[in-house]
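One structure is given below, encoded as structure tokens.
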Amino acid sequence: MRAILLGGGLGLLGTLLGTRFAISVLVSKGYGQLIRDDGPTSHHTKRGTPTMGGLVIMLSVLAAYALAKLITHSSPSASTLLLLFLFTGLGVVGFLDDYIKISKQRSLGLRTKTKAAGQTLIALVFAYSALRFEDSRGTTPISSAISFTRDLPNWELPTVLVLAWVLIMVAGTSNGVNLADGLDGLATGSAAMVFGAYTIVNIWQNNQFCQLTQGPKCYEVRDPLDLAVVAAALTGACFGFLWWNAAPAKIILGDTGSLSLGGAMAGLALMTRTETLLLVIGGLFVVITLSVIAQVGWFKVTNGKRLFRMAPLHHHFELKGWAEVTIVIRFWIICGLCVAGGLGVFYAEWVVGA
2 MRAILLGGGL GLLGTLLGTR FAISVLVSKG YGQLIRDDGP TSHHTKRGTP
52 TMGGLVIMLS VLAAYALAKL ITHSSPSAST LLLLFLFTGL GVVGFLDDYI
102 KISKQRSLGL RTKTKAAGQT LIALVFAYSA LRFEDSRGTT PISSAISFTR
152 DLPNWELPTV LVLAWVLIMV AGTSNGVNLA DGLDGLATGS AAMVFGAYTI
202 VNIWQNNQFC QLTQGPKCYE VRDPLDLAVV AAALTGACFG FLWWNAAPAK
252 IILGDTGSLS LGGAMAGLAL MTRTETLLLV IGGLFVVITL SVIAQVGWFK
302 VTNGKRLFRM APLHHHFELK GWAEVTIVIR FWIICGLCVA GGLGVFYAEW
352 VVGA
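Residue numbering for the sequence shown follows our numbering, beginning at 2 and increasing consecutively.
Written out as structure tokens, the structure reads:
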């Protein structure tokens with residue numbers, strides 16, 4: 002438990018103090034955000050705001066976890082190393098995308114196929130490795146079964162389909178957070194709530210861990226306490242970064258942050274055996290992603306008509322005249338309700354079956 006508190010506290014301090022330094026460096030180098038001309042006109046004032054802020058979150062989480070392990074004299078587990086690989090790997094893909102935008106002074110970075118290839122490679126390496134590292138009980142970091150609050154019986158998949166399922170989850174969550182990163186603080190604040198939920202889930206699973214507490218409802222998972230340290234570090238880092246990212250943002254998350262945070266969500270869901278429950282816990286990101294899918298689909302079916310004034314959904318409300326801060330706070334409320342609902346479902350399943 003001491004490592005969890007250290008991870009969260011150090012992650013918070015890392016971004017709270019480190020982001021201020023990063024803003025100074027990025028401003029001095031002229032690494033500012035480029036704004037699309039077809040977006041809301043109110044966003045033009047954000048042109049030049051330092052971007053790639055997700056790099057601070059990445060470094061803070063990695064440093065917080067390493068220091069927490071060092072101070073508590075404990076070794077990292079295979080699960081956390083794989084999770085950090087997924088988190089960092091997707092962050093590197095996002096960093097390349099952000100850097101190309103800045104260096105070439107254009108609103109589009111990596112080519113779509115190149116970006117997708119990078120995400121695919123990282124996700125597949127993660128999935129294949131996570132199916133291989135067994136502990137003394139033969140439990141791997143992720144399982145071959147689809148899960149809700151735990152692995153569902155009779156839902157085991159062959160390895161090829163597991164790899165495809167992991168790829169879908171990683172692509173879905175990383176792009177979902179990326180779509181939500183359109184208003185100051187929206188993605189960061191929402192991600193903090195989701196990671197806070199997974200900190201609680203991992204702590205609860207450790208208390209009911211089959212390796213420690215045998216019983217019909219114990220959790221067949223791998224390294225839950227160590228995963229809680231990473232989840233706490235992510236929570237703290239997002240909260241610290243939000244100090245600078247809240248409206249009016251002094252720095253923008255960028256693809257570096259949105260892809261890495263989305264990947265971490267997928268990794269935690271897979272490793273806690275709560276894959277489909279993530280649809281509830283991360284409900285806000287699901288709704289935002291579906292708004293884009295619906296907009297594109299409706300546009301094609303109706304030969305050019307729009308379902309929303311603009312997608313993703315938060316831009317629709319901007320064009321309706323809602324203030325940016327109002328949209329962000331109301332979306333945070335929705336995210337909080339989704340997180341509370343997901344945790345409620347997770348706990349209710351244990352109570353009913355206990």
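Backbone N, C-alpha and C fix where the C-beta goes; we use that ideal spot for every residue, glycine too.
Computed from a predicted structure; not experimentally measured.
Check, Outcome
"Flag this pair as yes or no: are the beta carbons of Val-202 and Phe-309 separated by less than 8 angstroms?", "no"
"Which value, in whole angstroms, describes the spacing of the CA atoms of Val-288 and Ser-130?", "31 angstroms"
"Can you tell me whether DSSP reads Ala-124 as helix, strand or coil?", "helix"
"Can we say the segment 117–134 touches the segment 291–310, given the rule of at least three CB pairs closer than 8 angstroms?", "no"
"So what's Asp-152 in DSSP terms, helix, strand or just coil?", "strand"
"State the Cα-Cα distance for the pair Gly-15 and Leu-125, rounded to the nearest angstrom.", "30 angstroms"
"Excluding five sequence neighbours on each side, which residues of the same chain lie with their C-beta closer than 7 angstroms to the C-beta of Gly-343?", "Ala-198, Leu-278, Val-281, Ile-282"
"Please work out which residues of its chain come closer than 8 angstroms, Cβ to Cβ, to Ile-303, disregarding the five sequence neighbours upstream and downstream, and give them in chain order.", "Correcting the residue identity first, residue 303 is Thr in this sequence and not Ile. Excluding sequence neighbours, Thr-303 sits near nothing in its chain."
"Kindly confirm or deny that the segment 152–159 and the segment 230–247 touch, where touching means at least three C-beta pairs closer than 8 angstroms.", "no"
"Go through its chain and collect everything with a Cβ distance to Ala-181's Cβ below 6 angstroms, but skip five positions before and after it.", "Leu-187, Ala-188, Phe-286, Ile-289"
"Compare the C-alpha of Phe-127 against each of Phe-149, Ser-104, Phe-88, Ser-148 and name the closest.", "Phe-88"
"Are Ala-142 and Arg-223 closer than 8 angstroms when you measure CB to CB?", "The question names Ala, but residue 142 in the sequence shown is Pro. It is a contact, given that the beta carbons lie within the stated cut-off."
"Report yes or no: do three or more beta-carbon pairs, one from the segment 256–276 and one from the segment 165–184, lie closer than 8 angstroms?", "yes"
"Rounded to a whole number of angstroms, what is the C-alpha to C-alpha distance between Met-194 and Ser-29?", "33 angstroms"
"Please state the DSSP three-state secondary structure of Glu-135.", "coil"
"Locate the alpha helix (DSSP H) running through Trp-205, then write down its first and last residues.", "187–208"
"Measure the C-alpha to C-alpha separation of Leu-318 and Ser-137 and round it to an integer number of angstroms.", "According to the sequence displayed, residue 318 carries Phe and not Leu. Straight-line Cα distance between these residues: approximately 53 angstroms."
"Roughly how far, in whole angstroms, is the beta-carbon of Gly-9 from the beta-carbon of Ala-233, given that I think they are within contact range, below 8 angstroms?", "4 angstroms"
"Over the uninterrupted alpha helix (DSSP H) stretch that includes Thr-81, give me the two end residues.", "79–105"
"Which word fits Phe-22, buried or exposed, when buried means at least 16 other C-beta atoms lie within 10 angstroms of its C-beta?", "exposed"
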